[in-house]
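*Asks:* Pasting a structure here, questions to come.
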Amino acid sequence: YEIVDNSIDESLAGFCTDIHVTIHKDNSVTVEDNGRGIPVDIKEDSGKSALEIVHTVLHAGGKFGDGGYKVSGGLHGVGASVVNALSEKYIVEVSRDGYVWRQEYMRGEPLAPVEKVKPTDKTGTKTTWWPDPEIFTETTEIDCDVIANRLREMAFLNKGLKIIFSRHDSEETETFHYAGGIGSYVEFLNKNKTVINEKPIYIDKVVGDLQVEVAMQYTDSYQESVLSFANNINTHSGGTHLTGFRNSITRVINDYARKNNILKDSDSNLSGEDVREGLTAIVSVKIPNPEFEGQTKEKLGSQEALGAVQDAVKDKLQEWLEFNPKIAKTILDKTLQAQRAREAAR
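At the far end of the sequence shown sits residue 347, using our numbering, and the numbering has no gaps.
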């Protein structure tokens with residue numbers, strides 16, 4: 002995914018709208034985007050092209066320090082150089098500065114300097130690589146379904162981005178393109194469920210450098226299904242953004258229930274579990290220099306995400322409940338039922 006992540010970083014920075022991913026019969030992979038293209042200028046200190054450095058030096062990508070991407074989803078900052086090192090053969094073509102530039106590598110080593118191939122008026126990066134069977138000794142076969150699911154998820158998380166997927170095991174290409182972004186994601190997750198609010202509640206707020214996006218929809222199910230992401234990375238263990246979301250909806254729904262006399266003074270508050278029963282939600286933050294707990298990046302630790310998500314959800318959800326009293330009552334009836342069932346089970 003690291004090469005696709007590089008293209009998505011170009012999209013987050015506002016320079017890329019289309020990504021084409023192809024898995025060929027020989028298990029090689031091609032990723033092509035219409036971003037700015039990796040820089041090809043020669044670096045004075047090394048005498049090498051920036052393109053070669055990105056592909057041969059760890060942590061040389063555009064994401065570290067100033068002047069790099071403000072928000073990046075590349076997990077470990079080693080991206081292209083690691084994919085190159087794990088490939089038997091690797092070819093990169095960059096369209097930039099009026100020309101197509103090309104370099105080829107074998108097992109991570111460049112076969113020749115970057116070559117200027119032909120004039121072009123396009124921009125973008127096209128990368129093809131063959132996984133190295135000496136490293137991947139069990140199999141170099143790529144599971145197309147796993148890739149398709151991840152590409153679909155990326156398209157949901159970056160609304161408007163178009164990802165086209167061609168796979169050797171199917172004649173048809175799949176296009177993932179969602180103008181509704183994570184709102185469409187929630188609808189996709191709920192497609193076989195009975196929903197309470199027909200249109201997901203959608204929240205999109207920028208707080209300083211941090212973007213908060215939340216989509217939520219209640220169903221008649223008893224299960225809670227909430228996914229959280231930071232810079233497109235699935236934070237399976239949650240973190241500050243998820244805590245902010247949970248705190249906020251529990252508080253807002255309790256406040257609404259008391260204000261409208263649905264909860265009496267003598268009634269106890271609805272718990273977080275009561276409020277989230279049957280809820281499907283996506284919580285996605287885009288944040289510069291995120292702090293994760295552990296190298297697997299499964300839990301977000303950035304404190305500023307907590308307050309940002311909490312405030313964004315509070316304002317929008319309060320407003321939505323006020324404007325949709327009928328659906329709000331149905332949701333509250335469901336949460337009260339959950340509370341009664343929980344208390345009866347004690």
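Glycine included, each C-beta is placed from N, C-alpha and C at the ideal position.
Could you tell me whether the region 316 to 323 touches the region 245 to 256, using the rule of 3 or more Cβ pairs below 8 Å?
*Replies:* Yes, the region 316 to 323 is in contact with the region 245 to 256.
*Asks:* Under DSSP, the beta strand (DSSP E) around residue 202 begins and ends at which residues?
*Replies:* Position 201 of the sequence shown holds residue 202. Here the beta strand (DSSP E) through residue 202 covers 202 to 208.
*Asks:* Do you know offhand how far residue 280's Cα is from residue 203's?
*Replies:* As a first step, residue 280 is located in the sequence shown; it is residue number 279 there, counting from the start. As a first step, residue 203 is located in the sequence shown; it is residue number 202 there, counting from the start. Each residue's alpha carbon lies about 14 Å from the other.
*Asks:* Under a Cβ-count criterion, where at least 16 other Cβ atoms within 10 Å of its own Cβ denotes burial, should residue 132 be classed as buried or exposed?
*Replies:* As a working note, residue 132 is residue 131 in the sequence shown. Buried is the call here.
*Asks:* Who are the near neighbours of residue 186 in its chain, counting only those whose CB is closer than 6 Å to its CB and skipping five residues on each side?
*Replies:* Walking along the sequence shown from the start, residue 186 turns up at place 185. The answer, listed in chain order, is 157, 283.
*Asks:* DSSP three-state label for residue 352, please.
*Replies:* As shown, the chain starts at 2 and ends at 347. That puts residue 352 outside it, with no answer to give.
*Asks:* Identify every residue that forms a DSSP beta bridge with residue 293.
*Replies:* Residue numbering aside, residue 293 sits at position 292 when the sequence shown is read from its first letter. Residue 293 pairs with 301.
*Asks:* For my contact list, residue 124 and residue 97 are in at a C-beta cut-off of 8 Å; report their separation, rounded to the angstrom.
*Replies:* Here residue 124 is taken as the residue at index 123 of the sequence shown, counted from 1. Here residue 97 is taken as the residue at index 96 of the sequence shown, counted from 1. Rounded, the Cβ-Cβ distance is 6 Å, consistent with contact.
*Asks:* Which value, in whole angstroms, describes the spacing of the CA atoms of residue 126 and residue 343?
*Replies:* Taking the first residue of the sequence shown as position 1, residue 126 is located at position 125. Taking the first residue of the sequence shown as position 1, residue 343 is located at position 342. Approximately 55 Å between the Cα atoms of the pair.
*Asks:* Please report the residue range of the alpha helix (DSSP H) in which residue 16 lies.
*Replies:* By one-based count along the sequence shown, residue 16 stands at place 15. Premise fails: residue 16 is in no alpha helix (DSSP H) and is neither H nor E.
*Asks:* Is residue 223 helix, strand or coil by DSSP?
*Replies:* The count along the sequence shown starts at 1 and reaches residue 223 at position 222. Three-state DSSP puts residue 223 in coil, outside helix and strand.
*Asks:* What does residue 91 pair with, by DSSP beta-bridge criteria?
*Replies:* Stepping through the sequence shown from its first residue, residue 91 is reached at position 90. 106, 130.
*Asks:* Relative to the C-alpha of residue 100, which residue among 122, 86, 114 is closest?
*Replies:* Counting from one through the sequence shown, the residue named residue 100 turns up at place 99. Nearest C-alpha to residue 100: 122.
*Asks:* Leaving out five residues on either side along the sequence, give the residues of the same chain with a beta carbon under 8 Å from the beta carbon of residue 274.
*Replies:* On the sequence shown, position 273 is the one that residue 274 refers to. Excluding residues within five positions, the ones whose Cβ falls inside 8 Å are 225, 339, 343.
*Asks:* Out of 146, 7, 116, 219, point me to the one whose CA is closest to residue 37's CA.
*Replies:* As a working mapping, residue 37 is identified with position 36 in the sequence shown. The candidate whose alpha carbon is nearest that of residue 37 is 7.
*Asks:* Is it the case that the region 169 to 178 contacts the region 188 to 199, given that we only count it when at least three CB pairs across the two stretches are under 8 Å?
*Replies:* With a cut-off of 8 Å, the region 169 to 178 and the region 188 to 199 do not count as touching, because too few Cβ pairs lie within range.
*Asks:* Spatial neighbours of residue 228 within its chain, please: C-beta separation below 6 Å, excluding the five flanking residues on both sides.
*Replies:* The count along the sequence shown starts at 1 and reaches residue 228 at position 227. Excluding sequence neighbours, residue 228 sits near 283.
*Asks:* Could you tell me the boundaries of the alpha helix (DSSP H) in which residue 53 lies?
*Replies:* Here residue 53 refers to the residue found at position 52 of the sequence shown. It spans 51 to 57 - the alpha helix (DSSP H) in which residue 53 sits, taken as one unbroken run.
*Asks:* Who are the Cβ neighbours of residue 145 in its own chain at under 6 Å, not counting the five residues just before and after it?
*Replies:* As a first step, residue 145 must be located in the sequence shown, where it is residue number 144. Here the set comprises 24, 168, 170.
*Asks:* Can you tell me the Cα-Cα spacing of residue 111 and residue 92, whole angstroms?
*Replies:* Start at 1 with the first residue of the sequence shown, and residue 111 comes out as number 110. Start at 1 with the first residue of the sequence shown, and residue 92 comes out as number 91. Distance between the alpha carbons of residue 111 and residue 92: 10 Å.
*Asks:* What is the DSSP secondary structure of residue 31, reduced to helix, strand or coil?
*Replies:* Here residue 31 refers to the residue found at position 30 when the sequence shown is read from its first residue. In the structure shown, residue 31 sits in a strand (DSSP, three-state: E or B).
*Asks:* Spell out a yes or no on whether the region 18 to 32 and the region 44 to 51 are touching, meaning 3 or more CB-CB pairs, one atom from each, closer than 8 Å.
*Replies:* Contact between the region 18 to 32 and the region 44 to 51 is absent, because fewer than three Cβ pairs lie under 8 Å.
*Asks:* Going by alpha carbons, who is nearest to residue 260 out of 128, 329, 299?
*Replies:* Residue numbering aside, residue 260 sits at position 259 when the sequence shown is read from its first letter. The option with the nearest alpha carbon to residue 260 is 329.
*Asks:* State the DSSP-derived secondary structure class of residue 243, mapped to helix, strand or coil.
*Replies:* For the purposes of this step, residue 243 is taken as the residue at position 242 of the sequence shown. Of the three classes helix, strand and coil, the one that applies to residue 243 here is helix, per DSSP.
*Asks:* Give a yes or no on whether the C-beta atoms belonging to residue 232 and residue 142 are separated by under 9 Å.
*Replies:* Within the sequence shown, residue 232 is the residue found at index 231, counting from 1. Within the sequence shown, residue 142 is the residue found at index 141, counting from 1. No, they are not a contact pair.
*Asks:* Are there 16 or more other CB atoms within 10 angstroms of the CB of residue 104, so buried, or fewer, so exposed?
*Replies:* Counted from its first residue, the sequence shown places residue 104 at position 103. The residue in question, residue 104, is buried, as its Cβ has 16 or more Cβ neighbours within 10 Å.
*Asks:* Quick one: what's residue 370 bridged to in DSSP?
*Replies:* With the chain covering 2 to 347 only, the question about residue 370 has no answer from this structure.
*Asks:* Restricting to Cα atoms, I'd like to know which of 306, 333, 80, 30 is closest to residue 211.
*Replies:* Here the question's residue 211 lines up with position 210 in the sequence shown. Closest by alpha carbon: 306.
*Asks:* Measuring alpha carbon to alpha carbon, tell me which residue in 13, 289, 214, 82 is nearest residue 3.
*Replies:* Counting from 1 along the sequence shown, the entry for residue 3 is found at position 2. Closest by alpha carbon: 82.
*Asks:* Quick one, are the C-beta atoms of residue 272 and residue 314 less than 9 Å apart?
*Replies:* Working through the sequence shown from its first residue, we reach residue 272 at position 271. Working through the sequence shown from its first residue, we reach residue 314 at position 313. No, the pair does not count as a contact, with Cβ atoms beyond the cut-off.
*Asks:* Compare the C-alpha of residue 154 against each of 182, 243, 137 and name the closest.
*Replies:* Walking along the sequence shown from the start, residue 154 turns up at place 153. When only C-alpha atoms are compared, the closest one is 182.
*Asks:* Taking the Cβ atom as the reference point for each residue, do residue 303 and residue 242 lie within a distance shorter than 9 Å?
*Replies:* Along the sequence shown, one-based indexing puts residue 303 at 302. Along the sequence shown, one-based indexing puts residue 242 at 241. Yes, Cβ-Cβ distance for residue 303 and residue 242 is below 9 Å.
*Asks:* How would you write the range of the beta strand (DSSP E) that residue 346 sits in, first residue to last?
*Replies:* Counting from one through the sequence shown, the residue named residue 346 turns up at place 345. Neither: residue 346 is in no beta strand (DSSP E) and is coded neither H nor E.
*Asks:* Is residue 326 helix, strand or coil by DSSP?
*Replies:* Here residue 326 corresponds to residue number 325 of the sequence shown, with the count starting at 1. DSSP places residue 326 in helix when its eight states are reduced to three.
*Asks:* Going by beta-carbon coordinates alone, are residue 53 and residue 115 separated by less than 9 Å?
*Replies:* Taking the sequence shown and counting its residues from 1, one reaches residue 53 at position 52. Taking the sequence shown and counting its residues from 1, one reaches residue 115 at position 114. Yes, they are a contact pair.
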